[in-house]
Amino acid sequence: DFRFRVSNAYSLCCLRSQKGWIANVRGGSISSQGKHIKSSCSLVAFNTDQAVCPSSLSFPVPDLVTDLDFSPFDDYLLATCSADETVKLWRVCDLDQDQPSNAEVTLSAADGRLEIVLFHPVASGLLAVASARGVQVWDVTRDTALTGKHTPSAFIPTTITALNTRFSLVFNYFKCSLQPYSDANLHLCLQMRQQEVRLWDSRKLSSSLIKQQTDSFALHVMGFHGFSVVCKPDLSLSLSVSHCLTDVSTRGVALVPKLALDVSCCEVLRLMQLTDNFIVPISYQVPRKDFHADLYPDTVGHTPAMTAEDWWKGENKQVLTSSGLVMGNSMDSPSSKFRHIQGAVLHRDTHITNLRGLHLTTPGECDGFCANDQRVAVPLAIAGGQIAVFELSQPGKLPDTALPTIQNSVNVADFCWDPFDTHKLVVAGDDAKIRVWQIPKGGLTETLTEPERVLRGHTEKIYSIKFHPHASGLLASSSYDLTVRLWNLDTGEEVKRLCGHQDQIFGMAWSPDGKLLATVCKDGKVRLYDPRKSTLPVQEGPGPEGQRGARVVWVCDGKYLLVSGFDSRSERQLYLFSAESLASGSVASAPADVSPSTLIPFYDPDTSVLILTGKGDTRVYIYEIVPEAPYFMECSSFHSSEPHKGLCFLPKAECDVCDVEVARAIRLGKTTIEPVAFRVPRVKKEFFQDDVFPETAVWWEAALTAAAWLSGSNGQHRKISLRPKDMMPVSEAPKEAPVRKYLPSSVYLEEKTDEQKKEELLSAMVAKLGNREDPLPQESYEGVDEDEWAKYLAQIIVMGAQVVGRAFARALRQEFAASQAAAEARGGAGRQSAAASSFTGMTLQEAQQILNISTLTPEEIQKNYEHLFKVNDKAVGGSFYLQSKVARAKERLDEELSIQQQHQSKPPDQQQQT
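The sequence shown begins at 1 in UniProt numbering and counts up one residue at a time.
This is the structure:
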């Protein structure tokens, strides 16, 4: 990369290596006032005479393209205007798909050669089109012009005028390229002929605020001359210019949206330079090591603030800001407290094994099997749509003989347990009938052939069935006849029929409060129904682009809909939709992987944990869903040793809260049924983790009847605490004083002098020299000759060099010289003291410094010893090492006192002889 310093900004301009360039492009004619290149977060568009780039998409435009613009709310919606007096909107597809041969929308402005096209920054579907004659504002959703032609009353090609199109004032003429700055009233303008840049206040256009002369032949706002407006302390404005020089000529420059920047390298601006043969990305970076929030304030998001119609009526709103910039792994980003969640298959004693004849080709809308807290139902590959039922309380190896089953006489499309009756199993068949089966207590002992009830009404094969979360006996079913029907199982009657679907219904989900029903359809739509008020959807919006399958589930207390489906490249994706505004599209998405099976979601409303896996997968994805950016917080995945048919989750009461188990599932393998526990690792498991286990809804008990719900009543489940009586919540646990395993570094780095550190190292090294049990010459108190001292000195110097190098060896030599001089000055007592220092491994001076003693008195030694030994106890943050140093210092001082008393008790003549 080539980096250039930008004046007064401390940022860098990086011309990225040629690996990031887009090569083999051919720019089109530059004889227009509009932009020649434009970028969204996903695509870069430019006008060209011929498509020569292998990774590009081309659109047939009959005349010269004079300007183009991407929608600020849709990365794949491109608007172009041309010399044939038309504006076209193109829906760009991915490279692996066929591109549209015709524009999605064509607007006939019929106002002469069009020069500028511009999307409104706040309102969706609002487009401004400018020509030499004036400007028009179009509502593209209705293909109508909201305003007529507006022309300045006094036209001067180099003046700037303002236009309020809602009240027919005057127009902002295209000769000056006007770009809004951070202040909505300040704009940058480029004067092409005079080669200067001016800053204007839109409230007063009689004169510019400031101007800057340049020496460039042609200028582009936010191009290679980076302009920055600086407000000085005296409230005056200044315009600074920074340069980034390139070796190639420029046809156009596009600014990449903020949401596409890479904040991991502190990128604050990115441009796309269009040359004769290349598109060159140019990055502006601030040289900082870590993420700095001051560089990245919240930027505008992808959701429009209002519609074109609302804007035309006079409303003024601002686009919601977003902080969803792409951040590297090294940046500070929120993390989930479930990020280390662990999945584990329980002990083999809880497994059901020797399962044979499993039906592996159930429809995509079916979960594959179903389970409740007592039993599990599994489809078998036996003619007649047979289902085996196994009791979870009776694990072990199944017999080789035939098992009692439920015979439906037709292929099974979907089946599920009644959440309020663990003995009731509902089965949907290919014959458009729904059969209700009652399992006897203790499980199946014989084959059942006659259902308790049969529901008839659908005219085509049924897709899926879902029980209401609150009302007992209320069932929803979707069918190939493109209807969703509600059934009262108590009476066996159809009570509601919902219409409006145009294709196969992939999945359904009731809202947490039971008022709404969401569906996701093959026609690419997500719909919301209020069955008690209307048979048609009350909301609908764009769903997953792929047509291989999808599932839907409510998350975040019903504020969002999560859809697992496929994108246009048939890659599995997760989409999050706001339940209040489906028409706005997804607010966030997360890629999964490439696999043919649909991810089946399970959502725990207590923890906001989402668990997904597909049929035939070995990986289980886990996310925590939060109602604001980043929305998806990925956690650890669970991997199984072999592909599974799927997972089915049990009620929260089945979790072992003492082991911090937040979810319990049943895993269906090829020949086994295994329980899987998902646990959160915690240190203090003796306490109840109330931050992980809030009060949970008793969703396995009905809140009202189907008749009551149909009459307009709403119910809520009661909530219970999962805390055992003998466990204290961790939030109420006594706060323990922190115990340090080691002393803080400040003890060694700040409170000790260099001399103290040297002496501690010296004593430690001397203590390691030899075994104290071996007899030493010093024990006889006869002194040490020069040869012995030289030998030990050599050993100490060698070891010291290995530990701290030459500085340590020099310190030892100085210590030895000082000891020798002191011994000679003190005579015999000095020799005895030196022998004691060798025996205890500590010098007299070091011992006095440790106990902070200047005068050797038994009382002061004992007092300081007791105090220092107590404050360095391990229970209060000390260590055994420091206590041992204190004890050795006292031992050395006691020995010194003994030597002094022996020396003083001798007659004076013997003292002189010694």
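We treat Cβ as the ideally placed atom computed from N, Cα and C, and that holds for glycine.
Legend entry - Secondary structure of F577, DSSP reduced to three states: Position 577 of the sequence shown, counted from the first residue, corresponds to residue 577. DSSP places F577 in strand when its eight states are reduced to three.
Inset, instruction - Can you say whether Y72 is buried or exposed, counting buried as having 16 or more other CB atoms within 10 angstroms of its CB? - result: Position 72 of the sequence shown, counting from 1, holds the residue named residue 72. The amino acid at residue 72 is misidentified as Tyr; the sequence shows Pro. P72 comes out buried.
Inset, instruction - Kindly indicate which three-state DSSP category F880 falls into: helix, strand or coil? - result: Position 880 of the sequence shown, counting from 1, holds the residue named residue 880. In this structure, F880 counts as helix in the three-state DSSP scheme.
Legend entry - Secondary structure of L710, DSSP reduced to three states: Mapped onto the sequence shown, residue 710 falls at position 710. Correct three-state label for L710: helix.
Legend entry - Between the CA atoms of C41 and S568 - distance to the nearest angstrom: Within the sequence shown, the letter at position 568 stands for residue 568. Within the sequence shown, the letter at position 41 stands for residue 41. One C-alpha to the other measures close to 17 Å.
Inset, instruction - Decide yes or no for the touch test of the region 852-869 against the region 889-900: beta carbon pairs closer than 8 Å, at least 3 of them. - result: yes
Legend entry - Bounding residues of the beta strand (DSSP E) (the contiguous stretch that carries D418): Numbered from 1 along the sequence shown, position 418 holds the residue referred to as residue 418. Start and end: 412-418.
Legend entry - Residues near Q901 in its chain [Cβ-Cβ closer than 8 Å; skip 5 each side]: As a first step, residue 901 is located in the sequence shown; it is residue number 901 there, counting from the start. Cβ within range, chain order: n/a, list empty.
Inset, instruction - Give me the Cα-Cα distance between L68 and V263, rounded to the nearest whole angstrom. - result: Stepping through the sequence shown from its first residue, residue 68 is reached at position 68. Stepping through the sequence shown from its first residue, residue 263 is reached at position 263. Each residue's alpha carbon lies about 28 Å from the other.
Inset, instruction - Using 10 angstroms around the beta-carbon of residue 968, count the other beta-carbons present and answer buried if the total reaches 16, otherwise exposed. - result: Outside the shown range of the chain, which is 1 to 914, sits residue 968, and nothing can be said about it.
Inset, instruction - Under 7 Å Cβ to Cβ from S721, same chain only, skipping five residues before and after it: list those, please. - result: Along the sequence shown, read from residue 1 onward, the residue named residue 721 stands at position 721. E695.
Inset, instruction - Tell whether a beta-carbon distance below 7 Å holds between K615 and G565. - result: Residue numbering aside, residue 615 sits at position 615 when the sequence shown is read from its first letter. Residue numbering aside, residue 565 sits at position 565 when the sequence shown is read from its first letter. With respect to G565, K615 sits apart: the two C-beta atoms are not nearer than 7 Å.
Inset, instruction - Count the other CB atoms, across all protein chains shown, that sit within 10 Å of the CB of R142; report buried if there are 16 or more and exposed otherwise. - result: Numbered from 1 along the sequence shown, position 142 holds the residue referred to as residue 142. Exposed, since its Cβ has fewer than 16 Cβ neighbours within 10 Å.
Legend entry - Start-to-end residues for the alpha helix (DSSP H) that takes in F869: Within the sequence shown, numbered from 1, the residue matching residue 869 stands at position 869. It spans 858-871 - the alpha helix (DSSP H) in which F869 sits, taken as one unbroken run.
Inset, instruction - Give me the Cα-Cα distance between K204 and V137, rounded to the nearest whole angstrom. - result: Within the sequence shown, the letter at position 204 stands for residue 204. Within the sequence shown, the letter at position 137 stands for residue 137. In this structure, the CA atom of K204 is about 24 Å from the CA atom of V137.
Inset, instruction - Find the nearest neighbour of L380 within the set V587, K397, S409, Q285, judged by alpha-carbon distance. - result: Numbered from 1 along the sequence shown, position 380 holds the residue referred to as residue 380. With distances taken between Cα atoms, L380 lies closest to S409.
Inset, instruction - Determine the burial state of S898: buried for a count of at least 16 other Cβ atoms within 10 Å of its Cβ, exposed for fewer. - result: Here residue 898 refers to the residue found at position 898 of the sequence shown. Per the 10 Å Cβ criterion, exposed.
Legend entry - Meets three-Cβ-pair contact criterion under 8 Å: the region 616-625 and the region 635-642: yes
Legend entry - Neighbourhood of F420 by C-beta distance below 7 Å, restricted to the same chain and skipping five residues each side: If you number the sequence shown from 1, residue 420 lands on position 420. If we look at F420 and ignore the five residues flanking it on each side, its Cβ neighbours are S472, W700, E701, A702.
Inset, instruction - Give the single residue among L259, I282, P512, D431 whose Cα lies nearest to the Cα of V454. - result: By one-based count along the sequence shown, residue 454 stands at place 454. Considering only alpha carbons, the answer is D431.
Inset, instruction - May I ask which residues mark the beginning and end of the alpha helix (DSSP H) holding W510? - result: Taking the first residue of the sequence shown as position 1, residue 510 is located at position 510. Unbroken run through W510 is the beta strand (DSSP E), 505-510; no alpha helix (DSSP H).
Inset, instruction - Figure out for me which residue from K397, D617, T86, W554 has the closest Cα to the Cα of F602. - result: Translated into the one-based positions of the sequence shown, residue 602 becomes position 602. Cα-wise, what sits closest to F602 is W554.
Legend entry - Same chain only: Cβ atoms within 7 Å of G457, ignoring 5 sequence neighbours per side: Against the sequence shown, residue 457 aligns to sequence position 457. Same-chain partners within the cutoff: R485, E494.
Inset, instruction - Find out if the Cβ-Cβ distance for the pair L489, L475 is shorter than 7 Å. - result: By 1-based counting over the sequence shown, the position of residue 489 is 489. By 1-based counting over the sequence shown, the position of residue 475 is 475. Contact flag set, yes.
Legend entry - Where F688 falls, given that 16 or more other Cβ within 10 Å makes a residue buried: Residue numbering aside, residue 688 sits at position 688 when the sequence shown is read from its first letter. F688 is buried by the Cβ-count criterion.
Legend entry - Cβ neighbour criterion (16 or more within 10 Å) applied to residue 958: Past the boundaries of the shown model lies residue 958; the chain is included only from 1 to 914, so the question cannot be answered.
Legend entry - Cβ pair V657, V680 closer than 7 Å: For the purposes of this step, residue 657 is identified with residue 657 of the sequence shown, where counting begins at 1. For the purposes of this step, residue 680 is identified with residue 680 of the sequence shown, where counting begins at 1. Cβ atoms of V657 and V680: not closer than 7 Å.
Inset, instruction - Consult DSSP for S478 and reduce its assignment to one of helix, strand or coil. - result: Mapped onto the sequence shown, residue 478 falls at position 478. Correct three-state label for S478: strand.
Legend entry - Beta-carbon gap between Q551 and G514 smaller than 7 Å: Here residue 551 is taken as the residue at index 551 of the sequence shown, counted from 1. Here residue 514 is taken as the residue at index 514 of the sequence shown, counted from 1. According to the sequence displayed, residue 551 carries Arg and not Gln. No, they are not a contact pair.
Legend entry - Inter-residue spacing [alpha-carbon to alpha-carbon] between P25 and N47: For this step, residue 25 is matched to residue 25 along the sequence shown. For this step, residue 47 is matched to residue 47 along the sequence shown. As written in the sequence, residue 25 is Val, which differs from the Pro given in the question. Those two C-alpha atoms are separated by around 10 Å.
Inset, instruction - Within its chain, find whatever has a CB closer than 7 Å to the CB of P404; leave out the 5 residues flanking it on each side and keep chain order. - result: Working through the sequence shown from its first residue, we reach residue 404 at position 404. Hits under 7 Å: L444, T445, E446, T447.
Inset, instruction - Within the same chain, show all residues whose beta-carbon is closer than 6 Å to that of A254, passing over the 5 residues directly before and after it, in chain order. - result: Start at 1 with the first residue of the sequence shown, and residue 254 comes out as number 254. Once the five neighbours on either side are set aside, the close Cβ partners of A254 are I37, K38, S39, M272.
Legend entry - Backbone CA spacing between E896 and L844 [nearest angstrom]: As a position in the sequence shown, residue 896 is number 896, starting the count at 1. As a position in the sequence shown, residue 844 is number 844, starting the count at 1. Roughly 8 Å between the two C-alpha positions.
Legend entry - Within 7 Å, strictly: CB atoms of A588 and Y631: For the purposes of this step, residue 588 is taken as residue 588 along the sequence shown, with counting starting at 1. For the purposes of this step, residue 631 is taken as residue 631 along the sequence shown, with counting starting at 1. It is a contact, given that the beta carbons lie within the stated cut-off.
Legend entry - Closest residue to E628 among C93, L64, P334, A79 (Cα-Cα distance): Along the sequence shown, one-based indexing puts residue 628 at 628. The option with the nearest alpha carbon to E628 is P334.
Legend entry - Cβ-Cβ distance between P596 and Q573 below 7 Å: Within the sequence shown, the letter at position 596 stands for residue 596. Within the sequence shown, the letter at position 573 stands for residue 573. In this structure, Q573 does not lie closer than 7 Å to P596 by Cβ.
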